[in-house]
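Trainee: Dumping the structure here so I can ask a few things about it.
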Amino acid sequence: MFEQMKKKRNLSKLKDKSFSTLFEQNDEIVVFDTETTGLNPKEDEILSIGAVKIKDNKILTSHTFEVYLKNFGAIDAKSITIHGIRPCDLENAKEPLEGIKEFLNYIKGATLVGYYLEFDVAMINKYIKPVLGITLPNKMVEVSEIYFDKTIAMIPQANIDLRFDTILKKCNIPQMGVHNAVNDAIMTAMIYLKLTQEKIDVKNRKKTDF
1 MFEQMKKKRN LSKLKDKSFS TLFEQNDEIV VFDTETTGLN PKEDEILSIG
51 AVKIKDNKIL TSHTFEVYLK NFGAIDAKSI TIHGIRPCDL ENAKEPLEGI
101 KEFLNYIKGA TLVGYYLEFD VAMINKYIKP VLGITLPNKM VEVSEIYFDK
151 TIAMIPQANI DLRFDTILKK CNIPQMGVHN AVNDAIMTAM IYLKLTQEKI
201 DVKNRKKTDF
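Sequential numbering of the sequence shown, starting at 1, is according to full-length UniProt numbering.
Written as C-alpha coordinates, this is what we have:
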(Lines of atoms letter the chains of each structure in order from A and count residues from 1; the text may use other names and numbers.)
(Lines give C-alpha, C1' and ligand atoms only; values in the text may rest on other atoms or scores of the structure.)
Protein backbone atom coordinates (compact mmCIF):
# COMPACT_ATOMS: atom_id res chain seq x y z
CA MET A 1 0.00 0.00 0.00
CA PHE A 2 2.89 2.36 0.84
CA GLU A 3 4.41 1.80 -2.60
CA GLN A 4 1.07 2.55 -4.26
CA MET A 5 0.73 5.80 -2.34
CA LYS A 6 4.30 6.76 -3.20
CA LYS A 7 3.65 6.02 -6.88
CA LYS A 8 0.45 8.08 -6.81
CA ARG A 9 2.27 11.07 -5.31
CA ASN A 10 4.99 10.71 -7.92
CA LEU A 11 2.39 10.67 -10.71
CA SER A 12 0.75 13.82 -9.36
CA LYS A 13 4.05 15.65 -9.89
CA LEU A 14 4.37 14.62 -13.55
CA LYS A 15 4.69 17.77 -15.65
CA ASP A 16 4.38 16.10 -19.06
CA LYS A 17 1.41 13.74 -19.20
CA SER A 18 2.74 12.11 -22.38
CA PHE A 19 5.04 10.16 -20.05
CA SER A 20 2.19 8.81 -17.92
CA THR A 21 2.84 5.44 -19.62
CA LEU A 22 5.77 5.06 -17.19
CA PHE A 23 3.18 4.55 -14.45
CA GLU A 24 1.21 1.93 -16.39
CA GLN A 25 3.01 -1.24 -15.37
CA ASN A 26 3.01 -3.92 -18.08
CA ASP A 27 4.48 -7.41 -18.41
CA GLU A 28 7.58 -6.30 -20.31
CA ILE A 29 11.09 -6.54 -18.89
CA VAL A 30 13.79 -4.08 -19.90
CA VAL A 31 17.41 -4.60 -18.89
CA PHE A 32 19.49 -1.44 -19.09
CA ASP A 33 22.89 0.02 -18.34
CA THR A 34 24.51 3.44 -18.49
CA GLU A 35 28.06 4.54 -19.22
CA THR A 36 29.02 7.72 -17.39
CA THR A 37 31.79 10.23 -16.85
CA GLY A 38 32.29 8.90 -13.32
CA LEU A 39 30.56 7.31 -10.36
CA ASN A 40 29.02 10.33 -8.64
CA PRO A 41 25.38 10.89 -9.72
CA LYS A 42 25.45 14.45 -8.35
CA GLU A 43 28.43 15.54 -10.42
CA ASP A 44 28.86 13.13 -13.33
CA GLU A 45 26.96 12.81 -16.60
CA ILE A 46 25.57 10.00 -18.71
CA LEU A 47 27.52 9.29 -21.90
CA SER A 48 25.40 6.43 -23.23
CA ILE A 49 22.38 4.29 -22.40
CA GLY A 50 21.95 0.73 -23.62
CA ALA A 51 18.93 -1.51 -23.13
CA VAL A 52 17.36 -4.74 -24.31
CA LYS A 53 13.94 -6.31 -23.80
CA ILE A 54 13.09 -9.78 -22.52
CA LYS A 55 9.90 -11.42 -23.72
CA ASP A 56 8.75 -15.00 -23.12
CA ASN A 57 12.12 -15.70 -21.49
CA LYS A 58 13.96 -14.65 -24.64
CA ILE A 59 16.36 -11.75 -25.06
CA LEU A 60 15.23 -9.64 -28.01
CA THR A 61 18.64 -8.68 -29.34
CA SER A 62 17.04 -7.40 -32.55
CA HIS A 63 15.19 -4.75 -30.52
CA THR A 64 17.96 -3.16 -28.48
CA PHE A 65 18.11 0.51 -27.53
CA GLU A 66 21.27 2.59 -27.66
CA VAL A 67 21.85 6.33 -27.46
CA TYR A 68 24.93 8.49 -26.95
CA LEU A 69 24.54 11.79 -25.10
CA LYS A 70 26.50 15.00 -25.31
CA ASN A 71 28.38 15.84 -22.16
CA PHE A 72 29.54 19.22 -20.98
CA GLY A 73 32.35 18.31 -18.64
CA ALA A 74 35.52 16.30 -18.56
CA ILE A 75 35.41 12.52 -18.86
CA ASP A 76 37.34 10.85 -16.10
CA ALA A 77 40.40 9.08 -17.51
CA LYS A 78 39.65 5.99 -15.43
CA SER A 79 36.14 5.77 -16.87
CA ILE A 80 37.52 5.93 -20.42
CA THR A 81 39.60 2.81 -19.72
CA ILE A 82 36.34 1.06 -18.77
CA HIS A 83 33.86 2.15 -21.44
CA GLY A 84 36.23 3.46 -24.12
CA ILE A 85 34.07 6.51 -24.87
CA ARG A 86 36.21 9.51 -25.77
CA PRO A 87 35.08 13.11 -26.39
CA CYS A 88 35.55 12.60 -30.14
CA ASP A 89 33.11 9.67 -30.01
CA LEU A 90 30.33 12.03 -28.90
CA GLU A 91 30.50 14.50 -31.78
CA ASN A 92 27.15 13.29 -33.16
CA ALA A 93 25.61 12.53 -29.79
CA LYS A 94 22.14 13.73 -28.86
CA GLU A 95 21.19 16.39 -26.35
CA PRO A 96 20.92 14.61 -22.98
CA LEU A 97 17.23 15.23 -22.38
CA GLU A 98 16.31 14.27 -25.94
CA GLY A 99 18.10 10.95 -25.65
CA ILE A 100 16.71 10.21 -22.20
CA LYS A 101 13.16 10.92 -23.34
CA GLU A 102 13.69 8.38 -26.13
CA PHE A 103 14.76 5.91 -23.46
CA LEU A 104 11.61 6.64 -21.43
CA ASN A 105 9.46 5.97 -24.48
CA TYR A 106 11.32 2.69 -24.96
CA ILE A 107 10.77 1.41 -21.42
CA LYS A 108 7.27 2.77 -20.70
CA GLY A 109 5.85 0.80 -17.76
CA ALA A 110 8.23 -2.16 -18.03
CA THR A 111 10.00 -3.76 -15.08
CA LEU A 112 13.59 -2.54 -15.08
CA VAL A 113 16.43 -4.99 -14.46
CA GLY A 114 20.09 -4.17 -13.98
CA TYR A 115 23.39 -4.74 -12.23
CA TYR A 116 23.78 -2.19 -9.44
CA LEU A 117 20.66 -0.65 -10.88
CA GLU A 118 20.44 1.95 -8.12
CA PHE A 119 23.29 3.91 -9.68
CA ASP A 120 21.85 3.83 -13.21
CA VAL A 121 18.42 4.88 -11.93
CA ALA A 122 19.95 7.72 -9.92
CA MET A 123 21.67 8.95 -13.06
CA ILE A 124 18.41 8.91 -15.06
CA ASN A 125 16.53 10.62 -12.22
CA LYS A 126 19.12 13.39 -12.14
CA TYR A 127 18.03 14.42 -15.63
CA ILE A 128 14.29 13.81 -15.53
CA LYS A 129 13.29 15.15 -12.13
CA PRO A 130 14.03 18.83 -12.85
CA VAL A 131 12.17 18.66 -16.17
CA LEU A 132 9.39 16.10 -15.67
CA GLY A 133 9.01 16.51 -11.92
CA ILE A 134 9.24 12.76 -11.25
CA THR A 135 11.66 9.94 -10.59
CA LEU A 136 11.44 6.61 -12.42
CA PRO A 137 8.31 4.85 -11.08
CA ASN A 138 8.99 1.47 -12.67
CA LYS A 139 9.27 -1.77 -10.74
CA MET A 140 12.97 -2.64 -10.41
CA VAL A 141 14.95 -5.86 -10.04
CA GLU A 142 18.62 -6.04 -9.04
CA VAL A 143 20.43 -9.12 -10.42
CA SER A 144 23.20 -9.03 -7.81
CA GLU A 145 20.53 -9.37 -5.10
CA ILE A 146 19.04 -12.43 -6.83
CA TYR A 147 22.51 -13.94 -7.15
CA PHE A 148 23.30 -13.22 -3.49
CA ASP A 149 20.02 -14.71 -2.25
CA LYS A 150 20.49 -17.89 -4.28
CA THR A 151 24.11 -18.32 -3.28
CA ILE A 152 23.64 -17.62 0.42
CA ALA A 153 20.80 -20.14 0.50
CA MET A 154 23.21 -22.84 -0.66
CA ILE A 155 26.26 -21.69 1.31
CA PRO A 156 25.00 -19.70 4.34
CA GLN A 157 28.45 -18.73 5.65
CA ALA A 158 29.89 -17.76 2.29
CA ASN A 159 31.73 -14.53 1.56
CA ILE A 160 29.98 -13.82 -1.71
CA ASP A 161 31.80 -12.02 -4.51
CA LEU A 162 29.27 -9.78 -6.30
CA ARG A 163 31.56 -8.45 -9.00
CA PHE A 164 29.99 -8.55 -12.46
CA ASP A 165 32.73 -10.70 -14.00
CA THR A 166 32.46 -13.17 -11.13
CA ILE A 167 28.70 -13.52 -11.53
CA LEU A 168 29.14 -14.05 -15.28
CA LYS A 169 31.68 -16.81 -14.62
CA LYS A 170 29.56 -18.52 -11.97
CA CYS A 171 26.56 -18.45 -14.30
CA ASN A 172 28.66 -19.83 -17.20
CA ILE A 173 27.92 -16.77 -19.32
CA PRO A 174 30.67 -15.69 -21.75
CA GLN A 175 32.07 -12.18 -21.90
CA MET A 176 30.83 -10.40 -25.03
CA GLY A 177 34.14 -8.68 -25.61
CA VAL A 178 33.49 -5.00 -26.27
CA HIS A 179 32.42 -3.22 -23.10
CA ASN A 180 29.53 -0.88 -23.81
CA ALA A 181 26.07 -0.21 -22.44
CA VAL A 182 24.22 -2.48 -24.88
CA ASN A 183 26.55 -5.46 -24.42
CA ASP A 184 26.45 -5.02 -20.66
CA ALA A 185 22.65 -4.94 -20.78
CA ILE A 186 22.57 -8.14 -22.85
CA MET A 187 24.97 -9.94 -20.49
CA THR A 188 22.90 -8.76 -17.51
CA ALA A 189 19.79 -10.07 -19.25
CA MET A 190 21.47 -13.47 -19.61
CA ILE A 191 22.34 -13.42 -15.89
CA TYR A 192 18.75 -12.54 -15.03
CA LEU A 193 17.31 -15.40 -17.08
CA LYS A 194 19.89 -17.83 -15.72
CA LEU A 195 19.06 -16.93 -12.13
CA THR A 196 15.30 -16.76 -12.47
CA GLN A 197 14.72 -19.81 -14.68
CA GLU A 198 16.97 -22.26 -12.87
CA LYS A 199 15.55 -24.17 -9.92
CA ILE A 200 17.73 -24.79 -6.88
CA ASP A 201 17.11 -27.53 -4.35
CA VAL A 202 18.11 -25.56 -1.26
CA LYS A 203 17.09 -28.29 1.19
CA ASN A 204 19.45 -30.82 -0.34
CA ARG A 205 22.07 -28.24 -1.32
CA LYS A 206 21.82 -29.46 -4.89
CA LYS A 207 24.69 -28.06 -6.93
CA THR A 208 23.98 -25.99 -10.00
CA ASP A 209 26.34 -24.90 -12.72
CA PHE A 210 26.80 -21.54 -11.04
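C-beta: ideal position from N, C-alpha, C; glycine also.
Per DSSP, which one or two residues make a beta bridge with residue 140?
Mentor: As a working mapping, residue 140 is identified with position 140 in the sequence shown. Paired residue(s): 112.
Trainee: Counting only runs that start and end within the segment 26-98, where is the alpha helix (DSSP H) found for 4 or more residues in a row?
Mentor: Qualifying alpha helix (DSSP H) stretches, in chain order: 77-83.
Trainee: Return the chain-ordered ranges of every alpha helix (DSSP H) run that is complete within the segment 138-177 and spans a minimum of 4 residues.
Mentor: 143-154 and 164-170, all fully within the segment 138-177.
Trainee: So the candidates are 195, 77, 128 and 133; which of them puts its Cα closest to the Cα of residue 151?
Mentor: By 1-based counting over the sequence shown, the position of residue 151 is 151. Taking only the C-alpha atoms, the option nearest residue 151 is 195.
Trainee: Helix, strand or coil for residue 200, going by three-state DSSP, please let me know.
Mentor: Position 200 of the sequence shown, counted from the start, is the residue given in the question as residue 200. Residue confidence for residue 200 is low, a pLDDT of 41 falling below 50, so the modelled location carries little weight and cannot support an answer.
Trainee: Might you give, ordered along the chain, the residues of its own chain that have their beta carbon closer than 6 Å to the beta carbon of residue 190, omitting 5 neighbours on each side?
Mentor: One-based indexing of the sequence shown puts residue 190 at position 190. Only 173 meet the Cβ criterion.
Trainee: DSSP on residue 21, reduced to helix/strand/coil?
Mentor: Locating residue 21 in the sequence shown gives position 21, where the first residue counts as 1. Here residue 21 sits in helix by DSSP.
Trainee: Assuming residue 85 contacts residue 69 under a Cβ cut-off of 8 Å, what Cβ separation, rounded to an integer in Å, is found between them?
Mentor: Sequence index remark: in the sequence shown, residue 85 carries index 85 (1-based). Sequence index remark: in the sequence shown, residue 69 carries index 69 (1-based). Not a contact, Cβ separation roughly 10 Å.
Trainee: Could you check if residue 177 is buried or exposed, using at least 16 other CB atoms within 10 Å of its CB as the buried criterion?
Mentor: Numbered from 1 along the sequence shown, position 177 holds the residue referred to as residue 177. Per the 10 Å Cβ criterion, exposed.
Trainee: Taking the beta carbon of residue 120 as the centre, do at least 16 other beta carbons fall within 10 Å, making it buried, or is it exposed?
Mentor: Along the sequence shown, read from residue 1 onward, the residue named residue 120 stands at position 120. Residue 120 is buried by the Cβ-count criterion.
Trainee: Check for me: the alpha helix (DSSP H) holding residue 117 runs from which residue to which?
Mentor: Mapped onto the sequence shown, residue 117 falls at position 117. Residue 117 -> alpha helix (DSSP H) spans 117-132.
Trainee: Mapping DSSP to helix, strand and coil, what is residue 15?
Mentor: Taking the first residue of the sequence shown as 1, we reach residue 15 at position 15. Residue 15 falls in the coil class under three-state DSSP.
Trainee: According to DSSP, simplified to helix, strand and coil, what is residue 188?
Mentor: As a first step, residue 188 is located in the sequence shown; it is residue number 188 there, counting from the start. The answer is helix: DSSP assigns residue 188 an H, G or I state.
Trainee: Okay, do the segment 18-34 and the segment 129-146 touch, 3+ Cβ pairs below 8 Å being the bar?
Mentor: Segments in contact, yes.
Trainee: If I measure Cβ to Cβ from residue 162 and keep anything under 8 Å in the same chain, skipping five residues before and after, which residues do I get?
Mentor: Here residue 162 refers to the residue found at position 162 of the sequence shown. Contacts found: 144, 147 and 148.
Trainee: Going by the beta-carbon positions, is the gap between residue 137 and residue 10 smaller than 7 Å?
Mentor: Taking the sequence shown and counting its residues from 1, one reaches residue 137 at position 137. Taking the sequence shown and counting its residues from 1, one reaches residue 10 at position 10. Going by C-beta atoms, residue 137 is nearer than 7 Å to residue 10.
Trainee: Leaving aside the five residues before and after residue 223 along the sequence, list all residues of the same chain whose C-beta is less than 7 Å from its C-beta, in chain order.
Mentor: Residue 223 falls outside the range modelled here, since the chain spans only 1 to 210, and no answer is possible.
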